[in-house]
Amino acid sequence: MSVQNDILLELFLELEARTPEGLRAELIEGEITVSSAPEGDHEHCLSELFGQVVLQSATRMSLSGHKGLTMPGAAGHPPDHVIPDATFAPREQRLFRGAPPWMACDSVAMVAEVTGSRAVLDRIAKRRCYGRAGIPLYLLVDRERRSVTLHSAPSAEGYTERHSVAYGKPLPLPPPFAFDLETADFA
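Numbering of the sequence shown is given in the numbering used here, commencing with residue 102 and proceeding in unit increments.
This is the structure in structure tokens:
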């Protein structure tokens, strides 16, 4: 990593440590972003997602809302520090127990984002970050487009497969989840 990247990472970690409650700082593809706390409709979508995963997943899942993950940065950039809206891992792994604020993304089964004020970040940069890190599944609830997209088959550029449905249509989730996600209540 270059001196410039070392300085950027150090600056980010200092900013993140001083970010006021209710805000969150991320380092994504060499750019520092600060986001405000999500509003109610955003959290409603997450609640619907959490409930379905807990009740219907074929594998018992642990979940975390807003867990800091570190992952490889894009070429020429420091490591990414991303906070997905939701992170899922098989419960038997106890992935979140004792984890530091910024943990490696090994053993994460799926991350999810619900679009907010910076939807383009969720649609493009975060998709590339999660795919580059090898996270098997990335679920995007796109409130502006009224659709839900499952990205799979991670690659260095993001994901090579995607399946989208409009709100109201079921979206099949593969193992370890193995159920059809109902999307009508996201509207």
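Think of the CB as a built atom: it goes at the ideal place given N, C-alpha and C, for glycine as much as any other residue.
All values derive from a computational prediction rather than experimental measurement.
Check	Outcome
Ends of the beta strand (DSSP E) at V249?	S248 to S256
Which of the three DSSP states is assigned to D243 in this structure?	strand
So what does DSSP say about H145, is it helix, strand or coil?	helix
Pull up the distance between the alpha-carbon of A175 and that of S137, whole angstroms please.	25 Å
If distances are taken between C-alpha atoms only, which option among E193, A213 and P173 comes closest to L167?	In the sequence as displayed, the identity of residue 167 is His instead of Leu. The option with the nearest alpha carbon to H167 is A213.
Does the Cβ-Cβ distance between A187 and L251 come in under 8 Å?	no
Is DSSP giving R198 helix, strand or coil here?	coil
Judging by CA-CA distance, which residue of G177, S248 and P255 is the nearest neighbour of P237?	P255
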